Every structure is written in structure tokens, then in C-alpha cells.
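Report on the structure given below.
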Amino acid sequence: MKTVNTKRAAAWAAALLALAAYTGVMYWLHWQQLCAADGFSSDLPFHLQEALYEPVYTALYLFITPLYALGGKAGVALLVTAFQLAALAAFAWGLRGAAPGLSLPVRLLVSLVVNLAQAVWIPRGGYWYLGTVSGTVYHNTTYIALAPFAMLAMLCFYRAWRGMHGKLDARAWLVYTLFLTASTAFKANFVFAFAPALLLLLIADLVRTRGKNLCNEVILGCSVLPSIALCLLESLVLFTGDGNGVQLIFSVDPVNFENGVISWGFFNEATRRGLIRSFLFAGAAALLLGRLAWASFRYRFSALTFAVAMAEALLLVESGERVGHANFWWGAFICYWLFFLESVCALLRGWQAWRQNRAALLGGRLAVCTAALAWHIVSGVCFLVLLLQGNSYNIPIATWKLWF
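Residue 385, in the numbering used here, is where the sequence shown stops; the numbers in between run on with no holes.
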């Protein structure tokens, strides 16, 4: 018993020290970003000015204004850091289902390390950030605030879905709906992908059950209505200019591609490489882990949601003066983070299965996936160090002439 208590205390000490160090690093980073005058280090100064002087379109600005009045930029940096810590806690909660044997401090440590991951570094790989998809973002205030609420909404949705073919748990449905609405209040991108994915899921369930589950399907579908109402309210603030709206990317004036206003997706070599570098671990898990991944409803639905978000990011673009903002990509980022969580959960289930039977083939596949994840994490640490040095998130990858 004494040994167990000692190990538990050591785990908590390690977790708290790591979280304290992470808090200090994030606070220093966001303080630097808020004090930067070049406009390229992050979106934080721009969002601060919007919160102070422009019409409110996100719930985050309701927090920024009083905190800025109380503590200036230091108060805002502390707020953004708090949201990032909340995201780590939500991710750790999501790991519990795949690894119930791991204690809370260990899951917090795993969450912290895994959330350092960025697109893998390769020589001549384009840019550290531009063109990539990553769940962890350091430079956009509203995305940072969205992340923990989107994660909690998705995890609570999984709980609500358990009663789908019996009696829906009203409290689980309400909690999930509240978190979904809260995430939309901070940034609408998650519900843009989640709502179509939920619709596809409910249609499939309707066909499979031949309409016998219609009542539950309608109730679950109604959970997105408050978020849709919020989206309409936000659009009244965001889309006020002439020609502002949404259009297919194929209908955009070609001049926007030629002059670099639109520089994402498949439209230049650097961003194509960025997309490939983003999915090394997630792709390896999808291909190599088999039933360890795809047998899970959580994994399948997160993959569907991410596919919808990527389709929206690649095919849709804002019009008018917002044509170059690339805001649909935030949906791909947050949904990729949710899919990344389920990929990590599949990896943890795989290592637990390997410990039981020591199958060589399974061990080899798990080793490949683990190496890919480690490459993402090491690359993410390098990227974070560059940001802490004052570099822009769009800094090109240095090649040092390793490849010719």
C-alpha cells in the first residue's frame, strides 16, 4: 500500500510540475504575442482590438474586455493560457475510455505531451504552419477558446448516443447540447462540420432501424438548433460588407490565386506538402491498427466529422473582403484534434492488447504508429521553440541543404 501511495504521489508531483511549466511557457508566449507590433506573430493583438472596439461576434470577447480592464495584456494572456489548460484536461478525460487503468495524473501527462504534436518536419517541407492541419494552435484566440468546449461537446455526445436505441438520457442530452452551444458561441467552425456529420449519422440510423427510432433521432437532431441560431446571429456581425458570404472555391476569381490571396489547399506545392505532413500518425493508425481503431464508434464518427470538415475547408471559401481569411480551415483543425484523440486511444488499446499476447505483427504495427506520433511531437516542440523565439507561425522550414 505504501508503494502504491508513493507512486501515486510521484505521478501527481510530475503532472503538476509539468503543467506548471507548460502554464509558464504558454503565458510567456501569449504575452509576447500580445506585445508584438508586426501583426504576423499571432492573431491575438487583432482579436484584442476587435474585442475592445468592434461589435461582439464571439463570447470570448465578453471575457477579454473585463480582463483587459483589470489586468491589461497580462490578464488576456492568462485567460488564453487557462483555455489551453482546459483543453489539456478535456483531452485527458477523453483518454479515460481507452486507458481506464491509467491514473488521472498520468493521463494529464500523456495529454500534455501528445498535444505538443504538429505536422512532421521534413526538409523542403514548405512552412511550419501554412498549409498544415493541427489540433494544437498557439496563435488564434477564438480557436484556443473553442477547443476545450468542442472536445467536451463531442465526448458528451458519445455519452448521449449510448441511449440512442433505448431511452435517451435527458441529462446527457442536455449537457451535450449545452457544450455544443457554448463551443459555437466561441467559434462556429465545429458545428459547421458536426451538424452535417450528425445528419448523415441520423439518416443512416433511420434507414437501418426502418424508422423505429424516429423519436430519438429527432430529439438528438434538435440539439444543433441553438447552435444554428447562434450562427445566424454571428453572421449578422461578420457578413456586413458588400458581397460577403460563402461560395465554392471553383467560383472564385482566378486573380485571388495568382496574387496569393488564396494560398491553401491543393493550390501550391508548399501547402500540398503541409497536408501530407499533417496526417502521418493519423494515417498510420487508420491503415495499420484495423479493428483496434475502426471497431470503435467514437473513432468512426470522429473520422466522419473530420472528413466533412476537410471537404468544407477544401471546397468552400468566404467571398467579398473575407475571401483570403481561410476561416473554414478552423473546422478542419478542431475536428482533426478530435480524430487525433481517437487515434491515440486506438494506439493505447493496441499496446494494451499487445501486453496480453505479445504478437510480433501487432507489435510492429504499433511501433510504426508510435514512431510517427513521436515524430509529430518532436516537430511540435521545435515549432514551439521557434514561436518562443519570437518567430511568426508562418515561418518557412529551414532545409540546411539536406536534400538536393
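We put the CB at the ideal spot given by N, CA and C, even for glycine. The structure presented is a predicted model; accordingly, all values stated were derived computationally and were not measured.
- Where Val298 is concerned, the enclosing beta strand (DSSP E) starts and stops at 297 to 299.
- Of all C-beta pairs linking the stretch 149 to 167 to the stretch 204 to 213, three or more are shorter than 8 angstroms, placing the two stretches in contact.
- Fully enclosed alpha helix (DSSP H) runs of no fewer than 4 residues occupy 25 to 34 of the stretch 20 to 52, in order along the chain.
- Exclusion of the five residues before and after Leu89 leaves Ala(-4), Ala73 as the residues of its chain whose Cβ lies within less than 6 angstroms of its Cβ.
- A Cβ-Cβ contact shorter than 9 angstroms links Leu329 with Ala79.
- Under the three-state reduction of DSSP output, Val188 falls in the helix class.
- Residue range 227 to 229 is occupied by the beta strand (DSSP E) that includes Gln228.
- By the Cβ neighbour-count rule, Glu31 is buried, with 16 or more other Cβ atoms within 10 Å of its own.
- The DSSP-derived three-state label of Pro104 is coil.
- Taking C-beta separations shorter than 6 angstroms and ignoring five residues to either side along the sequence, the partners of Leu319 in its chain run Met135, Ser283, following chain order.
- A distance below 7 angstroms between beta-carbons, with the five flanking residues on each side excluded, links Gln228 to the following residues of its chain, in chain order: Val298, Ser300.
- Nearest Cα to Leu368 within the set Leu(-2), Ser22, Leu182: Ser22.
- Taking the CA atoms as reference points, Asn96 sits about 13 angstroms from Ile125.
- Cβ neighbours of His11 within its own chain (closer than 7 angstroms, five residues either side excluded): Leu25, Ala58, Val61, Thr62.
- Around the Cβ of Gly255, a 10 Å sphere holds 16 or more other Cβ atoms; the residue is buried.
- DSSP, reduced to helix, strand and coil, places Pro81 outside both helices and strands of the structure shown, so it counts as coil.
- For the set Trp142, Ala67, Leu43, the Cα lying nearest the Cα of Tyr3 is the one of Ala67.
- In its chain, beyond the 5 residues on either side, Ala169 have a beta carbon closer than 6 angstroms to the beta carbon of Cys212.
- Residue pairing by DSSP places Pro377 opposite Tyr108 in a beta bridge.
- The DSSP-derived three-state label of Lys168 is coil.
- For Ser259, the closest alpha carbon among the candidates Leu269, Leu214, Gly107 is that of Gly107.
- Excluding residues up to 5 positions away in sequence, nothing lies with its Cβ nearer than 6 angstroms to the Cβ of Val37 in the same chain.
- Under the DSSP assignment, Val218 falls in the alpha helix (DSSP H) whose first and last residues are 206 to 219.
- Contact check for Thr286 and Phe175: beta-carbon distance about 6 angstroms, within the 8 angstroms limit, so the pair qualifies.
- With 16 or more other CB atoms across the displayed protein chains lying within 10 angstroms of its CB, Phe173 is buried.
- Taking 8 angstroms as the upper bound for CB-CB distance, Leu43 and Gly56 are not in contact here, some 14 angstroms apart.
- For Leu270, no alpha helix (DSSP H) segment is defined, and its DSSP state is neither H nor E.
- Check the Cα spacing between Arg(-11) and each of Gly82, Gly53, His28, Ala71: the tightest is with Gly82.
- In this structure, the CA atom of Leu179 is about 44 angstroms from the CA atom of Asn(-14).
- For Val349, the enclosing alpha helix (DSSP H) starts and ends at 341 to 369.
- Sequence-distant Cβ neighbours of Ala294 in its own chain, meaning closer than 7 angstroms and more than five residues away, are Phe309, Trp310, Gly312, Ala313.
- Under the 10 Å beta carbon count, Gly52 is surrounded by fewer than 16 other beta carbons and is classified as exposed.
- Restricting attention to Glu35, Cys363, Leu(-2), the CA atom closest to the CA of Val218 is found in Glu35.
- Boundaries for Tyr119: no alpha helix (DSSP H) harbours it, and the DSSP string shows neither H nor E there.
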